[in-house]
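Counting from 1, one number per residue, gives the positions in the sequence shown under full-length UniProt numbering.
C-beta: ideal position from N, C-alpha, C; glycine also.
Worksheet for the structure shown next.
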Amino acid sequence: MFHTEPEPCRARAEQVAEGILRIVASNPGKMTYHGTNSYIIDTPDGRFILDPGPAEDSAHFEAIVENLGGNPAGILVSHHHSDHFGAVPGLRERTGLPVYVSRAFPDDAFQPDGFLEDGQRIAGLTVLHTPGHASDHLCFARLDGVLFTGDHVMSWNSSIVSPPDGNMRDYCDQLQRLIDRDDRICLPGHGPVLQDPRPYIERLLANRMRRETQILKHLLNTSDTVQNIAASVYKKSDPHIVMAAERNVVAHLQKLLSESRVAQEEGIWRVN
């Protein structure tokens, strides 16, 4: 169900929709695919950059500065994770541009220039607070059906939901919120453009529900630890993927706990 693309050219802007450039950071990995997508967006107020990417990629940083052109207006942040936010302090220092983050942004060490609320409009974009992958996660919707989805919906893979900042119940609720919308394309934080996104997002949500069912089935057979549940449900051997699977299982269990469907004592989980 996931989408692939050839490795992109680094430090080069590519038009992915009308008035939108994508520059892919050089931070490929098991959790980032080819790297973080940074988007330069033409707006009525000037050019905005969404998610400048990691701090350590100087070529990516310079490509952003170059492509902001003569009318830069601001910096938008989908969420606080370093592969999206890392370059923000340096870019603000370099350009003097204001930085806008979610009202739920958790980093007390950084003082943004503005906080964004669900439903607010900025530069022709509607702010959608979509917690789940991260408590401060934002999507941004353009009136023509373009939705910037950050890590909430990625085209190349499903998202990690890692408590305590990640919340599976919120994540599933916000997937349903996007399903109920009528967006034409999604521009994710990692991976290629996602056309006709509703069926894809429906499959993402169905996959979460399938995992939940598998976890409950396992617990109906035996009370168990997170590690054993993850090994049974995900059947992965790569240490990085195993860790991600265990975090997802924790998130599912906490969702089920909030619904009074499971209980746990001293690290052993059981069905209520």
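Annotation: the continuous alpha helix (DSSP H) that includes R169 extends over 168-179. Residue pairing by DSSP puts D42 in a beta bridge opposite R47.
Distances from the alpha-carbon of I229 to those of I179, E66, H252 put H252 closest. Pairing I201 with V153 gives a Cβ-Cβ distance under 8 Å. When the alpha-carbon of K30 is set against those of P163, E265, G114, W156, the nearest one is in W156.
In the DSSP secondary-structure assignment, G114 is bridged to Y100.
For Q176, same chain residues with a beta-carbon under 8 Å away, outside a window of 5 residues either side, are L205 in chain order. For A104, the number of other beta carbons within 10 angstroms of its own is at least 16, and it is reported as buried.
Remark: C-beta atoms of G70 and F48 do not approach each other more closely than 8 Å.
Distances from the alpha-carbon of A25 to those of P54, Q120, L91, T126 put P54 closest.
Here the segment 58-67 lies against the segment 6-21, with 3 or more beta-carbon pairs under 8 Å apart. The Cβ atoms of C186 and L125 lie no closer than 8 Å to each other.
In the pairwise beta carbon analysis, the segment 180-195 is classified as not touching the segment 163-171: fewer than three pairs are separated by under 8 Å.
Judged by DSSP in its simplified three-state form, Q120 adopts coil rather than helix or strand. Rounded to whole angstroms, R270 and N221 show a C-alpha spacing of 9 Å.
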